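**Q**
Numbering (the numbering used here), first residue to last: 124 to 721.
1. Which residues bound the beta strand (DSSP E) around residue 596?
2. I'd like the span of the alpha helix (DSSP H) that includes residue 530, first residue to last.
3. Taking the C-alpha atoms as reference points, what is the distance between residue 620 and residue 292?
4. Got a sec, what are the start and stop residues for the alpha helix (DSSP H) residue 473 sits in?
5. Locate the beta strand (DSSP E) running through residue 378, then write down its first and last residues.
6. Among the candidates 329, 538, 513, 636, whose CA atom is the shortest distance from the CA of residue 194?
7. Suppose the cutoff is 6 Å on Cβ atoms and the five residues either side in sequence are ignored; what does the same chain contact list for residue 231 look like?
8. Between the alpha carbons of residue 205 and residue 223, how many angstroms are there, rounded?
9. Could you spell out the range, first to last residue, of the alpha helix (DSSP H) harbouring residue 681?
10. By alpha-carbon positions, which one of 140, 572, 247 ends up nearest to residue 517?
11. Specify the secondary structure class of residue 495 as computed by DSSP and reduced to three states.
12. Taking only the alpha-carbon atoms, compute the straight-line gap between residue 349 and residue 367 and give it to the nearest angstrom.
13. Hey, residue 200 and residue 523: beta-carbon distance below 8 Å or not?
14. Just to check my reading of the structure: residue 561 and residue 571 have Cβ atoms closer than 8 Å, yes? What is that Cβ distance to the nearest angstrom?
15. If you reduce the DSSP assignment to three classes, tell me which class residue 403 lands in.
16. Can you say whether residue 470 is buried or exposed, counting buried as having 16 or more other CB atoms within 10 angstroms of its CB?
17. Grouping DSSP H, G and I as helix and E and B as strand, with all else coil, what is residue 170?
18. So residue 588 packs on residue 175, CB below 8 Å; how close in whole Å?
19. Taking residue 512 as part of the beta strand (DSSP E), name the residues at either end of that continuous run.
20. Hey, residue 631 and residue 668: beta-carbon distance below 8 Å or not?
21. Less than 8 Å between the beta carbons of residue 703 and residue 285, yes or no?
22. Taking the beta carbon of residue 217 as the centre, do at least 16 other beta carbons fall within 10 Å, making it buried, or is it exposed?
23. At the level of alpha carbons, what is the spacing between residue 546 and residue 260?
24. Closer than 8 Å is the cut-off here; do at least three beta carbon pairs connect the region 679 to 689 with the region 489 to 500?
25. Starting from the N-terminal side, write out each stretch of the alpha helix (DSSP H) that is 4 residues or longer and does not extend beyond the region 569 to 648.
26. Which residues in the same chain have their Cβ closer than 7 Å to the Cβ of residue 485, if we skip the five residues on either side of it in sequence?
27. Is the region 652 to 660 in contact with the region 241 to 258, if contact means three or more CB pairs nearer than 8 Å?
28. Would you kindly work out how many angstroms separate the C-alpha atoms of residue 691 and residue 685, rounded to a whole number?
29. My output table needs one value for residue 259: the three-state DSSP class, helix, strand or coil.
30. Any idea what DSSP makes of residue 179, helix, strand or coil?
31. Which of the three DSSP states is assigned to residue 422 in this structure?
32. Let me check understanding here. Comparing Cα to Cα, which of 239, 162, 616, 196 lies closest to residue 719?
33. Using only alpha-carbon positions, find the residue among 449, 466, 177 that is nearest to residue 487.
34. From which residue to which residue does the alpha helix (DSSP H) around residue 238 run?
35. Looking at the structure shown, is residue 444 part of a helix, part of a strand, or coil, going by DSSP?
36. Can you tell me the Cβ-Cβ gap for residue 242 and residue 267, rounded? I've got them flagged as a contact below 8 Å.
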């Protein structure tokens, strides 16, 4: 370590970790950026060497997670998951009372074998449609959707990236690898009880209005109309909002275009000039009224007011969700120039419980944001397809390779069974499975690599390097050694509970994968110093780093439904806290049953 600070290495590492966790909680930067910055600091200080960073790449977890993303995407592209979703919609139509129970139960079962985030992205539009059929607010179903998927993900090793990651860290500390169904007995018990509580407890959730309903409401069919200001127009020199013809009835000025530039951002100071194009949103009746009143020129209307209609297109309002991997993440609507590229108009931006108002075009976009956009249906579809967005009100439509569905199903079956019978480590099976679905064209190469959440993989790789740093500095031994004397006087199950609760509290406010990487080594070393088997403690971290329901921060799927459902932060507490208590108590009591402490 440089500057001769070797004696202070544990304190320096602890300080860096503390700052990193504060950055996660305060969202100073994206989690993967903060983690990479921490790795850079460790390198500069000499705590990490380049060889240490390269060695962290050898961990099996990122390879397994990336391969499982590809296999999950193949299930989407071959229509396997859509077929299950269609079945659930039919149940909602024919037996609505069973719809919610069957919907959440099937989701929990599916999520044990596919990545949670893509599954939630697929199911958000279907959940909104299901809520409409049940005549309920989507907010009654979106949090249950996320919770059911998280609960189901704990039934297998590959159900969530956190499980795979904890397994990878445990292997590094010389623990035997987990096989794919090892956590199933505990996971199924916890998931069954959790889903039952979610079904019964969703009445605690509020009726929230989605952004599209809030801004657009139940409206008649609308059109986007473009009108050019001619040289003889009496409106030259006026502000658009002062022109009665543009603002009567159901007419609304959306934009003013001068040359090829939009003047939306300077709208308060716009004075109309000859050649300006007024973009209005209006019902067809209002367009006809303007023509009858002579406000717009028509072939048989000699009386005009210097306005020439350029075009009139059907307009719809859609709410789109920014999922992980969306091209918009980190950029502003101002720089995206959606009007020029797609002919659509952003109306509002919703982040968590806040509508960002006048700031929305200058605000960098984040995963989980929802944007209300207006435009022609064909333009909006092109926007969604080109940029990996999720249309909240409409399930994604893409070519489905149904003839390849049996191959995709066979691949996931073989990966599971191969791991159960320990034919090969899970990372090898996952890579083979990914290769098979690519080679058989269940999914094309560009689709496969687009489906991988590179932000998660970057975060994981950075945190693995950070895990190496805290191990090298002796911070793991120091923390475990400080806690062990206090826990030696109590039964081992109390120490297990302490690890579970500590990890759970951290996960509620930080990214769960980061918590898993930092806490797992401490849990292993603590168990060894207490003279008990470390494996139950590893399982405690595995479950507590995923089963965090009380905040939208605890798990990425919670973040995805946060804005879509129009939720407030406190809405997650209403159902999340009871669910946290139930799952924690069950896990703490059952872990020693399946993995004896002594």
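Beta carbons: idealized from backbone N, C-alpha and C, even for Gly.
Remember, predicted model here, so these are calculated numbers, not experimental data.
**A** Taking the coordinates as given:
1. That residue, residue 596, is in no beta strand (DSSP E); it is neither H nor E in DSSP.
2. Residues 528 to 543.
3. Between the alpha carbons of residue 620 and residue 292 lies a gap of roughly 21 Å.
4. From DSSP, residue 473 is part of no alpha helix (DSSP H) but of the beta strand (DSSP E) over 468 to 474.
5. Element bounds for residue 378: 375 to 381.
6. The shortest Cα separation from residue 194 among 329, 538, 513, 636 belongs to 538.
7. In the same chain as residue 231, and ignoring 5 residues on each side of it, the C-beta atoms closer than 6 Å to its own belong to 271, 274, 275, 314, 318, in chain order.
8. Residue 205 and residue 223 have their C-alpha atoms spaced approximately 17 Å apart.
9. For residue 681, the uninterrupted alpha helix (DSSP H) run begins and ends at 679 to 687, by DSSP.
10. Nearest C-alpha to residue 517 among 140, 572, 247: 247.
11. Reduced to three states, the DSSP call for residue 495 is strand.
12. Roughly 16 Å between the two C-alpha positions.
13. Yes.
14. The C-beta separation of residue 561 from residue 571 comes to about 6 Å, placing the pair in contact by the 8 Å criterion.
15. Correct three-state label for residue 403: strand.
16. Burial check for residue 470: the Cβ neighbour count within 10 Å reaches 16 or more, so the residue is buried.
17. The answer is coil: DSSP assigns residue 170 none of H, G, I, E or B.
18. Contact check for residue 588 and residue 175: beta-carbon distance about 7 Å, within the 8 Å limit, so the pair qualifies.
19. Element bounds for residue 512: 512 to 514.
20. In this structure, the beta-carbon distance from residue 631 to residue 668 does not fall below 8 Å.
21. Going by C-beta atoms, residue 703 is not nearer than 8 Å to residue 285.
22. By the neighbour-count rule (16 or more Cβ atoms within 10 Å), residue 217 is not buried but exposed.
23. Cα atoms of residue 546 and residue 260: separation of roughly 47 Å, rounded to the nearest angstrom.
24. Result yes; three or more Cβ-Cβ pairs closer than 8 Å.
25. Runs of the alpha helix (DSSP H) inside the region 569 to 648: 577 to 595, 598 to 610, 615 to 632.
26. Closer than 7 Å at Cβ, skipping near neighbours: 455, 457.
27. Counting C-beta pairs closer than 8 Å gives fewer than three between the region 652 to 660 and the region 241 to 258, which falls short of the contact rule.
28. Cα-Cα distance, rounded: 8 Å.
29. In the three-state reduction of the DSSP assignment, residue 259 falls in the coil class, being assigned neither a helical nor a strand state.
30. Residue 179: helix per DSSP, three-state reduction.
31. The pLDDT assigned to residue 422 is 36, lower than 50, so where the model puts this residue is not dependable, and the model offers no usable value.
32. Cα-wise, what sits closest to residue 719 is 616.
33. Ranking the options by Cα distance to residue 487, first place goes to 449.
34. Segment: none, residue 238 is in no alpha helix (DSSP H) and carries neither H nor E.
35. In the structure shown, residue 444 falls within a strand segment according to DSSP collapsed to helix, strand and coil.
36. Between residue 242 and residue 267 the beta-carbon gap is near 14 Å, outside 8 Å, which marks them as no contact.
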